[in-house]
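Which chain is which? The protein sequence lines are A and B, in order.
Numbering of the first sequence is given in the working numbering, commencing with residue 226 and proceeding in unit increments.
Numbering of the second sequence is given in the working numbering, commencing with residue 15 and proceeding in unit increments.
Yeah, the Cβ is synthetic: ideal placement off N, Cα and C, and Gly gets one too.
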Amino acid sequence: MPRRRDIGAETWAILLLFAAGAFGAAFVVVYAIDSIPHQTQFLGLALGLALLCFAAAMVITGLRLVVTEELVEEYPPEEHVGEVDAISTVVEAAGARLTRQRFFKLGLLVAGGGLATAAATPAVSFGPLLRVKEYFGTPWTRGRRLVDEDGRPYRAADIEEKSFYTAFAEGADKEELGASLVVVKLPVSQLKLPPDLQGYDAGGIVAYSKICTHAGCAIAMYRVPTFAPDEPRPALVCPCHYSTFDPASGGSVTFGPAGRALPMLPLTVDSKGFLRAKGNFDEAVGPSWWGVRNRKPTP
Amino acid sequence: MPPVVRALAVVLAALAIVPVAAAANGKALFGRYCASCHGPDAAGTEDGPSLVGVGALAADFYLRTGYMPLKRSGLQPRRSEHLLGPAEIDALIGYVASLGKGPAVPAPQPARGSVSEGMTLFRSHCAGCHQIVAQGGYVTNAVPPALGDATATQVAEAVRIGPYVMPSFSERAISNRQLDSIVRYVQYAQHPDNAGGWALGNIGPIPEGLVSWFVAGAALVGTCLIIGKRLRA
Numbered sequence: 226m227p228r229r230r231d232i233g234a235e236t237w238a239i240l241l242l243f244a245a246g247a248f249g250a251a252f253v254v255v256y257a258i259d260s261i262p263h264q265t266q267f268l269g270l271a272l273g274l275a276l277l278c279f280a281a282a283m284v285i286t287g288l289r290l291v292v293t294e295e296l297v298e299e300y301p302p303e304e305h306v307g308e309v310d311a312i313s314t315v316v317e318a319a320g321a322r323l324t325r326q327r328f329f330k331l332g333l334l335v336a337g338g339g340l341a342t343a344a345a346t347p348a349v350s351f352g353p354l355l356r357v358k359e360y361f362g363t364p365w366t367r368g369r370r371l372v373d374e375d376g377r378p379y380r381a382a383d384i385e386e387k388s389f390y391t392a393f394a395e396g397a398d399k400e401e402l403g404a405s406l407v408v409v410k411l412p413v414s415q416l417k418l419p420p421d422l423q424g425y426d427a428g429g430i431v432a433y434s435k436i437c438t439h440a441g442c443a444i445a446m447y448r449v450p451t452f453a454p455d456e457p458r459p460a461l462v463c464p465c466h467y468s469t470f471d472p473a474s475g476g477s478v479t480f481g482p483a484g485r486a487l488p489m490l491p492l493t494v495d496s497k498g499f500l501r502a503k504g505n506f507d508e509a510v511g512p513s514w515w516g517v518r519n520r521k522p523t524p
Numbered sequence: 015m016p017p018v019v020r021a022l023a024v025v026l027a028a029l030a031i032v033p034v035a036a037a038a039n040g041k042a043l044f045g046r047y048c049a050s051c052h053g054p055d056a057a058g059t060e061d062g063p064s065l066v067g068v069g070a071l072a073a074d075f076y077l078r079t080g081y082m083p084l085k086r087s088g089l090q091p092r093r094s095e096h097l098l099g100p101a102e103i104d105a106l107i108g109y110v111a112s113l114g115k116g117p118a119v120p121a122p123q124p125a126r127g128s129v130s131e132g133m134t135l136f137r138s139h140c141a142g143c144h145q146i147v148a149q150g151g152y153v154t155n156a157v158p159p160a161l162g163d164a165t166a167t168q169v170a171e172a173v174r175i176g177p178y179v180m181p182s183f184s185e186r187a188i189s190n191r192q193l194d195s196i197v198r199y200v201q202y203a204q205h206p207d208n209a210g211g212w213a214l215g216n217i218g219p220i221p222e223g224l225v226s227w228f229v230a231g232a233a234l235v236g237t238c239l240i241i242g243k244r245l246r247a
């Protein structure tokens with residue numbers, strides 16, 4: 226039985242739709258004025274009310290205005306009862322091996338294979354068996370000067386204790402992974418460099434790659450005590466996952482997820498007092514991978 | 015600070031003020047509050063560094079922030095209520111400055127600096143620890159403080175001396191002119207332009223988006239659950 230026209234509900238729905246339109250227009254007007262206080266709140270309010278009015282209109286339409294009618298109809302009597310059986314026998318005998326189940330299994334196999342290949346690709350492309358030579362490359366060669374962000378070369382006298390500096394290879398692209406350094410000065414008596422890094426410092430000035438060996442963030446924190454006996458020891462800290470490196474002992478890891486020490490750059494001071502590299506890093510820079518220690522970095 | 019400690023501090027301060035206010039003798043105050051760690055002649059002990067030659071700058075910073083006197087040596091100094099009155103602090107600063115030649119209290123002029131240059135400098139020198147919004151953070155074994163209460167002078171002082179485990183920055187690393195910009199930026203970060211609504215620390219659109227996703231997402235799931243239950247009933 227179709228219901229008779231529900232004038233009240235119809236009026237309400239139309240009013241709400243108009244209200245939604247008005248709030249939508251209000252949003253545009255508030256947005257265009259762009260100078261009233263609490264602008265964003267009013268924008269949000271207008272949009273919210275517009276959506277609410279629209280939703281209310283839809284609810285009223287759905288509940289009160291859409292014609293609903295239930296009709297019951299019997300299934301027609303089955304025809305060709307015997308023939309259905311005969312046809313299914315013929316189909317089965319024809320040997321349609323690709324059943325629904327097998328088709329599904331095949332699909333699973335294709336999807337799984339595709340996903341597995343996708344997952345394996347990055348691992349393979351970065352493996353030790355393939356090309357990793359460029360990851361060992363750095364711009365540092367013997368005699369290259371250390372410059373600051375504006376390209377001014379650092380003198381050894383510029384580097385003060387209890388301060389820290391970011392340096393780059395002179396003339397190199399600053400974005401290059403191996404170009405950036407963090408430089409600090411420690412009292413020579415505090416240095417405890419391991420045997421293979423002896424002589425890497427220049428009068429207590431030590432330089433490490435600024436790129437964390439864990440995930441490749443920039444080492445942006447230097448913790449250095451004002452009063453050594455009572456306060457934490459000097460440390461270079463990565464802000465991403467708090468890997469903590471000891472600048473006095475060749476950048477060894479003292480805390481955090483990093484798996485290997487910061488690569489250290491050997492330094493020297495030339496006759497004019499400028500800081501220069503004495504060679505390349507002791508290990509490859511950047512995040513670690515399988516085989517990172519297999520080769521020394523190259524220019 | 016627990017109320018008992020606060021009350022005790024007030025009583026101690028009152029006891030200190032009454033007899034000393036007349037004399038305001040820096041040396042006597044030093045003997046009372048500082049000498050147990052810094053030594054009777056301020057030359058340092060195994061509990062505290064020498065203060066000879068640190069100048070008025072360091073004394074002004076550590077006393078006016080309430081970093082000193084420290085409850086016991088070995089703690090990280092934190093901003094706290096003053097144990098001493100302004101007259102005592104002035105007398106102590108004068109005494110420490112008289113111990114040797116050292117830097118004077120800086121007078122930054124943030125009005126001369128630029129917020130955008132300050133932000134660039136803050137990002138490269140300070141944000142690693144204090145966060146770009148200057149609300150503090152963490153470093154292993156220490157807590158870089160939020161800068162919300164730092165005055166212009168205190169920011170300038172901290173940059174030059176590097177309190178506790180903070181590195182210090184010389185005039186070659188950060189010029190006085192650049193320092194003006196950094197101070198200007200810190201002042202901006204203390205009272206950032208607010209676009210309205212829930213500021214969420216003014217740390218940008220990503221946390222704001224995340225909050226709306228989580229709040230709106232939870233509300234939508236709840237609504238769906240209610241609708242589903244009513245339909246089944």
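Query                                                                                                                    : Result
Segment contact flag, the stretch 444-460 of chain A with the stretch 469-484 of chain A, C-beta cutoff 8 Å, min 3 pairs : yes
Collapsed DSSP secondary structure at B:V41 in the structure displayed                                                   : Before going on, a small fix: residue 41 of chain B reads as Lys here, not Val. It is helical.
Whole-angstrom C-beta distance between A:I430 and A:V408, which should lie under 8 Å                                     : 6 Å
Under 9 Å between C-beta atoms of A:P491 and A:Y390                                                                      : no
DSSP bridge partner residues for A:A460 (one or two, in chain order)                                                     : A:R448
Same chain, Cβ closer than 7 Å to B:V147, neighbours up to 5 away in sequence not counted                                : A203, G215, N216, I217
Rounded straight-line distance, which links the Cα of B:N208 to that of A:S477                                           : 44 Å
Nearest to B:A118 (by Cα), restricted to the options B:T167, B:Q90, B:M82                                                : B:T167
Closest by C-alpha distance to A:V517, when choosing among A:D310, A:V291, A:E359                                        : A:E359
A:K387 - DSSP class collapsed to helix/strand/coil                                                                       : coil
Contacting positions in the stretch 169-183 of chain B - beta carbon closer than 7 Å to chain A                          : G176, P177, Y178, V179, P181, S182, F183
Touch test, the stretch 117-137 of chain B against the stretch 60-77 of chain B, Cβ-Cβ under 8 Å, three pairs minimum    : yes
Range of the contiguous alpha helix (DSSP H) that encloses A:A502                                                        : From DSSP, A:A502 is part of no alpha helix (DSSP H) but of the beta strand (DSSP E) over 500-502.
Test: A:G481 CB closer than 9 Å to a CB of chain B                                                                       : yes
Cβ shell of B:E131 (< 6 Å), same chain only, five flanking positions each side left out                                  : S195
Proximal residues to A:P522 (C-beta, below 6 Å), its chain only, five neighbours per side dropped                        : F361, T363, N505, F506, A509
Residue from B:Y152, B:Q192, B:V153, B:T154 whose Cα sits closest to the Cα of B:V169                                    : B:Q192
Nearest candidate by alpha-carbon position, reference A:P488, set A:G403, A:G307, A:R325, A:L270                         : A:G403
A:S405 - DSSP class collapsed to helix/strand/coil                                                                       : strand
Under 9 Å between C-beta atoms of B:D61 and B:S87                                                                        : yes
Range of the contiguous beta strand (DSSP E) that encloses B:D74                                                         : Unbroken run through B:D74 is the alpha helix (DSSP H), 69-78; no beta strand (DSSP E).
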